[in-house]
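If you count the sequence shown from 1, position 224 lands on 224 in UniProt numbering, and the numbers rise without skipping.
Where is the CB? At the ideal position from N, CA and C, for every residue including glycine.
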Amino acid sequence: MTQLIDQNFLQEHNTKQESALTSDYNALAEKLDRSGFNIDSILAQAKQFAVAVPSWGVGTGGTRFARFPGKGEPRNIFEKLDDCSVIQQLSQATPTVSLHIPWDKPKDPNELRQYAEQYDLRFDAMNSNTFQDQIGQEESYKFGSLAHSSKAARDQAIAHNIEVVELGEKLGSKALTVWVGDGSNFPGQQHFKNSFTHYLESIKEIYNSLPDDWNMLLEHKIFEPAFYSTVIQDWGSSYLAAKETGERCLSLVDLGHHAPNVNIEMIVSRLAQFGKLGGFHFNDSKYGDDDLDSGSINPYQLFLIFNELTDIRSQDTTYNPFYMLDQSHNVTDPIESLMYSAAEVQRAFVKSLLVDREALTNHQNTNDAMMAQATLKQAYNLDIEPILQMARLQEGGAISPVACYRASQYRQTCDKNRPADPNKTGSGIV
Ligand code: PSV
Ligand code: MN
């Protein structure tokens with residue numbers, strides 16, 4: 001397997017921290033043992049945890065006002081995969097990449113698949129893009145795509161999604177994520193029922209072309225780019241569309257796509273109860289945004305979401321939704337953010353395994369609100385960092401991914417090898 005961070009360098013970096021880790025890990029083992037948890041079984045589950053990296057996340061994102069490109073940014077999908085391989089090598093929690101088409105459209109899918117295979121990377125859900133026009137396309141998406149009032153525009157968007165599925169098949173993907181920006185900016189601009197009807201007809205057509213072992217994931221978003229109404233604005237619309245469409249059509253929850261303070265963990269529970277929770281886009285947000293680093297603003301919410309997922313899995317061990325990061329802003333090195341965020345999601349998962357579920361159930365049944373919330377907090381307040389570090393170490397990753405990455409000078413090397421296009425200034429509306 002090709003590894004872009006020298007393995008000896010990585011080991012040396014780890015060696016310096018190993019004895020401290022061993023004593024932290026043993027201390028935590030003892031603590032957990034007192035509460036009836038075996039640390040090695042938690043460690044084994046932590047090692048199994050995986051979340052996909054979004055190909056678009058390794059580039060510097062922008063606001064609606066400007067983009068400030070970082071040094072040595074990837075200029076094509078191959079360089080993006082290079083960066084994804086570094087994230088996986090150090091974090092050992094991101095073995096798959098989620099592609100966005102046509103942004104990542106390869107000339108030769110086989111070549112791309114082989115390029116990923118050298119790093120042992122696989123492809124997660126494919127994302128279609130009908131929220132912006134591509135050069136040379138006949139119909140514009142200015143007023144929508146799958147829900148457009150014009151049949152020609154809808155047909156074009158349907159054909160694009162089918163093409164993305166065909167490409168995904170060649171790459172070994174197993175799911176299509178559909179997010180559309182369709183909506184309106186004025187009361188009266190769009191007929192609510194008709195646009196939803198058009199959307200339903202369109203996604204059914206895409207669904208009918210799906211391979212038998214694929215899922216279709218419908219992603220809702222409360223607003224943006226449309227600011228008055230959005231066709232798939234909430235989990236209710238998403239659920240209705242998924243239910244109307246078919247068994248393998250499921251809802252995807254992007255954490256940032258809800259109004260502030262919405263109870264996302266309850267949405268998770270509702271969708272799962274009715275067999276329609278298919279996947280996640282992890283990120284964090286403070287207002288109406290959806291691109292801050294996972295766990296950076298509200299880590300307790302992330303934990304509560306995983307608490308629901310672990311509860312669901314305690315009843316159905318085969319339950320396995322798609323997990324993807326979807327975040328991209330412009331103030332950090334994206335590789336650092338993605339490694340850190342993957343670990344934050346993994347942390348929430350691990351803590352959810354440490355909830356005393358029997359005690360929680362008893363407190364719920366006896367209406368002991370204080371002890372019910374305290375049971376959750378008991379797990380949440382644990383410092384489980386040694387488990388994450390040990391999982392990475394044993395899998396061949398870095399005990400401290402960000403520190404190791406910085407010491408490796410990977411970004412500086414990219415800066416030399418990836419000269420930026422001088423015509424791209426990074427200013428202006430993006
Ligand atoms: C839309 O805001 C979204 O969350 C969708 O998942 C897109 O595919 C992605 O961001 C990138 O624009
Ligand atoms: Mn998303």
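Could you tell me how far apart the beta carbons of Ile162 and Ser209 are, in whole angstroms, since I believe they sit closer than 8 Å?
So it is a contact: roughly 5 Å between Cβ atoms.
Under the three-state reduction of DSSP, which class applies to Met216: helix, strand or coil?
Note: Met216 maps to strand in three-state DSSP.
On a Cα-Cα basis, can you pick out the residue from His148, Arg313, Ile222 that is closest to residue 487?
For residue 487 there is no data in the structure shown, the boundaries of the chain being 1 and 430.
Roughly how many whole angstroms lie between the Cα atoms of Phe68 and Ser35?
For Phe68 and Ser35, the distance between alpha carbons rounds to 48 Å.
Is any heavy atom of ligand 2 found at a distance shorter than 7 Å from the C-beta of Glu219?
For ligand 2, at least one heavy atom lies less than 7 Å from the Cβ of Glu219.
Taking DSSP as the reference, what is the three-state secondary structure of Ala348?
Ala348 falls in the helix class under three-state DSSP.
Could you check if Trp179 belongs to the surroundings of ligand 2, using beta carbon to heavy atom distance under 7 Å?
Yes, the beta carbon of Trp179 sits closer than 7 Å to at least one heavy atom of ligand 2.
Out of Tyr287, His258, Pro299, Leu240, which one is the CA nearest neighbour of Lys276?
It is Leu240.
For ligand 1, is there any heavy atom lying closer than 7 Å to the beta carbon of Asp290?
Yes; taking the cut-off as 7 Å, the Cβ of Asp290 has a heavy atom of ligand 1 nearer than that.
Cβ of His281 within 7 Å of any heavy atom in ligand 4?
Absence of ligand 4 is noted for the structure shown, with ligand 1 and ligand 2 being the only ligands found.
Taking 6 Å as the limit between beta carbons, can you name the residues of its chain near Ser427, skipping five residues before and five after?
Because the pLDDT at Ser427 is just 48, under 50, the model does not fix this residue reliably, and the point stays unresolved.
Just to confirm the assignment, what range does the alpha helix (DSSP H) spanning Ile101 have?
No alpha helix (DSSP H) contains Ile101, which is instead part of the beta strand (DSSP E) from 96–101.
State buried or exposed for Ile429, treating a residue as buried only when at least 16 other CB atoms are found within 10 Å of its CB.
With a pLDDT of only 44 at Ile429, under the threshold of 50, the placement of this residue in the model should not be trusted, and no figure is reported.
Taking its Cβ as the centre, do 16 or more other Cβ atoms sit within 10 Å of Pro321, making it buried, or is it exposed?
So Pro321 counts as buried.
In angstroms, rounded to a whole number, what distance separates the CA positions of His329 and Asn367?
Rounded to whole angstroms, His329 to Asn367 spans 43 Å at the Cα level.
Whole angstroms are fine: how far does the CA of Ile39 sit from the CA of Ala29?
Distance between the alpha carbons of Ala29 and Ile39 is about 5 Å.
With a 10 Å radius around its C-beta and 16 neighbouring C-beta atoms as the bar for buried, classify Leu279 as buried or exposed.
The sequence shown places Gly at residue 279, rather than the Leu named in the question. When all chains shown are included, Gly279 counts as buried.
Hey, is Asp254 close to ligand 1, as in C-beta under 7 Å from one of its heavy atoms?
Yes, Cβ of Asp254 sits closer than 7 Å to a heavy atom of ligand 1.
Would DSSP call Arg64 helix, strand or coil?
The answer is coil: DSSP assigns Arg64 none of H, G, I, E or B.
Provide the residue span of the beta strand (DSSP E) that contains Leu277, from first to last.
277–282 is the extent of the beta strand (DSSP E) around Leu277.
Bridge partners of Leu176, per DSSP?
Its beta-bridge partners are Met126, Met216.
Check Val53 in the structure and name its three-state DSSP category.
It is a strand residue.
What are the start and end residues of the alpha helix (DSSP H) that includes Leu21?
First-last of the alpha helix (DSSP H) with Leu21: 7–34.
For the candidate residues Ser352, Trp235, Leu376, whose alpha-carbon lies nearest to that of Asn362?
Among Ser352, Trp235, Leu376, the Cα nearest to that of Asn362 is on Leu376.
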